[in-house]
Amino acid sequence: MELSVSLTVNGRRYDRQIEPRLLLVHFLRDTLNLTGTKIGCDTSQCGACTVMLDGVAVKSCTCLAAQADGSSVTTIEGLAPDGQLDRVQEAFWEKHGLQCGFCTPGMIFATKALLAANSNPSAEQIRHALEGNMCRCTGYQNIVRSVQAAAAAGAR
Amino acid sequence: MYSANFDYHRAKSLSDAQRLLASNPGAKLLAGGHSLIPLMKLRLASPSAVVDIGRIPELRGISKSGDGIRIGSLTTHAEIAASADVQKSAAALAEAAGLVGDPAVRSRGTIGGNVAHADPASDLPTVLVALDAKIVAIGPKGERTISADGFFTGIMSTTLADDEVITAIVVPALAKEQGSAYVKFSHPASRYAVIGVAASVTSSGGTCSAARVALGGLVPHATRANAVEKALVGGGLDTTAIGTAAAKVGTDLGNEVTGDIFASAEYRTAVAPVYVKRAIAAAAARAGLA
Amino acid sequence: MATTVAAPARIFGSGIKRREDPRLLTGTARYTADITLPGQLYAAILRSPHGHARIKKIDTAAAKAAPGVVAAFTGADTEGVLQCIPCAWLVPGSELKVCPYPPIAKTIVRYVGDAVAVVVADSAQQAYDAVDLIEVDYDPMPATVDPEQAVKPGAPQIHTEAPNNIAFKWTVSGGDIEAAFKKADIVVRDRIIQQRLIPTAMETRGALAHYLPATGELTLWNTTQNPHIVRFIMSLVCNIPEDRLRVIAPEVGGGFGSKIPQIQGDFITVFCSMKLGRPVKWIETRSENYQSTTHGRDHVQDVEMAATKDGKILGLRCTVWAGMGAYLSTAAPGIPTILHGLMLSGPYQIGAVKEDVYGVYTNTTPVEAYRGAGRPEATFMLERVIDRLADELKIDPVEIRKRNLIPPFDNGHDVVTGLKYDSGNYQGALDKALTHAGYAALRNEQAEARKKGRYIGIGVGIYVEICGLGPSQVAGAVGFQGGLWESAIVRFHPSGKAHVFIGSSPHGQGEETTFAQIVADELGVSVGDVKIVHGDTETTPMGWGTYGSRTTAVSGAALAVATRKIKEKAKLLTSHLLEAAVEDIEYENGKFFVRGFPDKSKTIQDIALMANVAWNMPQGMEPGLEATTFYDPPNFVYPFGAHIAVVEVDAETGVVQLKRYVAVDDCGHQINPMIVEGQVHGGVVQGIGQALWERAVYDDNGQLLTGSLADYAIPRADVLPDIEVLHTVTPSPHHPLGVKGIGEAGTIVSTCTVYNAVIDALEPFGVESIQMPLTPERVFNAMSKKGP
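Residue numbers (my numbering), protein chains in the order written: chain A, 1 to 156; chain B, 1001 to 1290; chain C, 2001 to 2788.
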């Protein structure tokens, strides 16, 4: 069985024929070649694949592309299309919130989801908001600082 | 990880969903996907077809209904945790919904899917049993309302028929001086409940007039702690009384306790009274008896 | 301090933002899985579901007939094409038994995850679908998974070449250990299990191989920490000449040791591309990663310490059974031996040590380096038994350490195992940690809390570690089958911009920034004008890779020396252009000038242009402004530090909460303090993970019970406090920049520091030892057995 789906990704509409089993993360990475979204596990734990789906941060490894038919997706490639980093990206750069960078796209969307709901989170709230995003390099501390800096800079 | 292939059908309405279920034997319902998709990726489930009910508007949302709150089966954990109505009249449910998985999981995962999946280490079934919630399902024979206490029958098994669709969960309204709470001991990796305890207590002038306590995580399915409840009712809700009642959980657990490499059955049994005690105390505090 | 040390200047020592970040922040960085070539195929590997079994029959017919499948191969197909996977650390005097490690198992599988067959298809989905169709008839055999049990009589034998499953036995000794124990007033003992860990770099391993049959050339994109070693080993295993082999480590998503060795999947991917003449990609799933990529630690340690009654340590003696897994991974034998046993005496004055190490084959995934690699396991033994000694003698754990620390030294200190530490001030680091933590106040707080039935624990740990590996002559002497030098090329272009090419291969540690800071500091160019190139064997000079906290320590030294060569040439050219004697040319703040005439000067940009156009060169001087250095360090570097942890144990449940963590580390001069701090954060947290959560578990049949991130708990954001990071600065006397490595430092002692804190919290219960990780159940049981 093949399905026709239509998704708007980073503002551009894509119509594609897909297998029903195709996950959103594979649609982004393999079908659209938007490889900024990462895959770090197979059990919905690590959060590396987090993207914005209709304004909500979701794990794109736990969502069928078919479920996202008609939806609007923002991936890491959509945040700074002209090279101008947005405030969350800028804050991660400023505060050394990344080392190998693999978890970073997911972390940035988890951050955006948090700041959309709470513009001035405490360190504890930040740590809880990041509980579904794993990082093996930073020990999370500079990620927390990055989120604080992004909040202070007015990132939403 | 790639699941096996399957046919995909999107239901436009509840009746459409029922029709698709009927015409696709072996089909599984898909809502938020956070119970089913992980199983399919690991090829622990390989249904021939899925029926996506994720966009049926009538299944979404939280509303006051007569004597309680009606929560549409497609309502996400995040929506439940954030709902002022749920926080006010079913604090344990809001609390538990806020402890499911992680924020991204809570944004997609639904109460209906969670309940139908009936993972023994899941949070919501425990709370629903303690809150005396009702599960509303529709099938070929029409709609029926099932008490949460009795709905869960074993590891990932319920009394729901394959051709039924959960449409809503109804949580009864709070009595005067009633409070509820959920306490969870999370697995450090999976974040599922190693032990989950939900308690709902009602006081009458300081005496416990009604109590429902439910256990999850350490038993094959969410279940009432009858001995604890019995010990509570009619007594006080002070620390000593709560502790004494909580100690009875051993009787309720019997030999059914689940163990794994992280926490053995013996350990879970040994510390269960602590979590029971904490849940009851938190519920009592909310009942105005701190 | 030593006079060879360069004084920190403005750009050297500033915590500037990383140059690698914009591509990582925007999703434009390319990791191996992100690269796609025209005509690319996908490989999926069938892995053994048994810990130990004989393969009776493999039937790939159904898989080959499946949609999209191009080929399926088994071990038999690799016969005569692939050699066995070599072990590259042949520790001398250890009767090492290197047993054949085929890239695809042929007759016997020896661990769950051992490769059995591979399917190559048009898409990854098709490859995985078809793998399920391969039928393998196994004859299961008994397995053995515990390194101590595996050497006992009657244990299942894994390799005929290694009786009793002993891969090697190695002994280190120094001083008169018998005399030390004879003289002792007191002997304390412990049995410690350094549980097996799974490194869990967020990017799993993977490879993309592209073989061109017409030319015999292979390009391999590989998630590795050491592309030049990959090229060397790949050429041996696949019989492709090194000059036709190009290895590219593109963006690499963390390694922590697990991307040092070449694993089965790498060779299988290359093999498939060689057979099919098309690009083939293989990317591990996480579950596959947990079975097929190397693990870490896995020691059973019996340790005993001899001391006088006033707490002076006389000797340390131990026996270690180190699990190696089913085969010897690339560097595996060196880890529980050279990188472990030689550090037994740590920062203390200990007159005698002896250790017997048994490397043991088990039916488990091969073990390799994991952040710290041998040093955390050694530090743990020492820091644990010293606490036991303090406890027995009723001496404060800080006081007993002070009585034994090596006094400060700045240019060499010989220790009993034969090493010469470069520089150290252990007391200084300890004092700073104690002051910052408020040690005395913490002890008071602890006493007050105990009165109320709350159990707070304070743990102290001190370490010195060996890194910056290392002099190549030593590498050879200890059996490492390679060199451990590094190289750097600095090339100035006519416009004054520079490329730097290095042989090491950073993957998150930030050397694209810190190395540019080195050049900027030495020559007065802007950091933004220096591009650091690494990770491609075709463009970079030979180097041995990024591990063992050696990139800044060794590669950075190479770069400093190369940069100084540039400076010397610039001085010569300046003297020619300004018609002055070279002895009169001075350099300051980016300008070369004649002494006393600072206005008459040339910048490095001027010199770069003049050297490149070569219109006016001095007699005999070659055109161009480029320098190459091959740097073989004269010694290792020895970073050190003192850490303090504060925990609270919930006496009702055994749940441990880490409340504070203070880390004072000394890595000499810091090129970029922001990056140093980040390395400490990550290192400390990985060590905490071992103490509290992480554990790979096999059942008796060799099934990995912690096979996914839903079972194996790595630290998450919400279970950690902020790490309070401080430093002292004790430069390495032999390093051109006075720096030491910092990549692993945080991990070395954090496991034991947290462990010590938990045991300290449980002092009223009389608890002396708990197996790691300190899960609520284990802590609860330990308390329950003793009672307060």
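Just so you know, even glycine gets a beta-carbon here, dropped at the ideal spot from N, CA and C.
From a predicted model like this one, the values you see are computed outputs, not experimental measurements.
For Ser1264(B), at least one C-beta of chain C is nearer than 9 angstroms to its own C-beta.
Counting only runs of at least 4 residues, the segment 2252–2296 of chain C fully encloses the following alpha helix (DSSP H) elements, listed from N- to C-terminal order: 2264–2276 and 2286–2292.
Counting only Cβ-Cβ distances below 7 angstroms, Gln67(A) has contacts in chain B at Gly1033, Asp1052 and Gly1054, in chain order.
Here Ser2495(C) is exposed, its C-beta having fewer than 16 other C-beta atoms within 10 Å. Short of 6 angstroms from the beta carbon of Leu1128(B), and not among the five residues preceding or following it, lie these beta carbons of its own chain, in chain order: Ala1148. Straight-line measurement puts the Cα of Asp2356(C) at about 52 angstroms from the Cα of Leu23(A).
Cα atoms of Asp2129(C) and Ala1004(B): separation of roughly 7 angstroms, rounded to the nearest angstrom. DSSP places Met2234(C) inside the alpha helix (DSSP H), whose first and last residues are Pro2227 to Cys2238.
Scanning Gln2679(C), Lys2169(C), Asn2363(C) and Leu2339(C) for the CA closest to the CA of Gly2418(C) turns up Leu2339(C). Rounded to the nearest whole angstrom, the CA to CA distance from Val1115(B) to Lys1064(B) is 20 angstroms.
Each of Asp2387(C), Ile2644(C), Leu2559(C) and Gly2543(C) was checked against the Cα of Ala2440(C), and the nearest Cα belongs to Ile2644(C). Within chain C, the C-beta atoms nearer than 7 angstroms to that of Ile76(A) come from Thr2026 and Gly2027, in chain order. The continuous beta strand (DSSP E) containing Phe2501(C) extends over residues Ala2498 to Ile2502.
Closest in alpha carbon position to Ile2466(C), among Met2305(C), Met2324(C), Gly2743(C) and Gln2517(C), is Gly2743(C). Taking 9 angstroms as the CB threshold, Met1(A) lines the interface with chain B.
Close partners of Gly1101(B) in chain A (Cβ separation under 7 angstroms): Gly132. In the structure shown, Pro1103(B) adopts helical secondary structure according to DSSP, grouped into three states. The Cβ atoms of Met2542(C) and His2576(C) do not sit closer than 9 angstroms to each other. Per the DSSP secondary-structure output, Leu1020(B) pairs with nothing in a beta bridge. In this structure, the beta-carbon distance from Pro2639(C) to Gly2013(C) does not fall below 9 angstroms. The alpha helix (DSSP H) runs lying completely inside the segment 1203–1288 of chain B and spanning 4 residues or more are 1226–1232, 1239–1246, 1249–1253 and 1265–1284, given in chain order. One thing to note: Tyr2463(C) has its Cβ no nearer than 9 angstroms to the Cβ of Val2561(C). The C-beta separation of Ala1175(B) from Leu1237(B) comes to about 15 angstroms, leaving the pair out of contact by the 8 angstroms criterion. DSSP places Thr2171(C) inside the beta strand (DSSP E), whose first and last residues are Ile2166 to Gly2174.
Look at Phe27(A): its C-beta is not under 9 angstroms from any C-beta on chain C. Looking at Gly1061(B), His1117(B) and Leu1131(B), the one whose alpha-carbon comes closest to that of Glu1095(B) is Leu1131(B).
With respect to chain C, the C-beta atom of Pro1047(B) has no partner C-beta closer than 9 angstroms.
For Met1001(B), a Cβ of chain C is located within less than 9 angstroms of the residue's own Cβ. Contact between the segment 2587–2594 of chain C and the segment 2651–2668 of chain C is absent: fewer than three C-beta pairs spanning the two stretches fall below 8 angstroms. For the segment 4–17 of chain A, the beta-carbon criterion of a distance under 8 angstroms to any beta-carbon of chain C is satisfied by none of its residues. Close partners of Lys59(A) in chain B (Cβ separation under 8 angstroms): Ala1104, Val1105 and Arg1108. Rounded to the nearest angstrom, the gap between the Cα atoms of Gln67(A) and Pro2100(C) is 49 angstroms.
In this structure, the straight-line span from the alpha carbon of Phe102(A) to that of Arg2023(C) is close to 11 angstroms. As DSSP reads the structure, Ile2585(C) sits in a beta bridge with Val2594(C). Close CB contacts of Leu2218(C) within its chain, under the 6 angstroms cut and outside five residues either way in sequence, are with Tyr2211, Ile2240 and Leu2245 (chain order). In the DSSP assignment, Gln125(A) falls within the alpha helix (DSSP H) that extends over Ala123 to Ala129.
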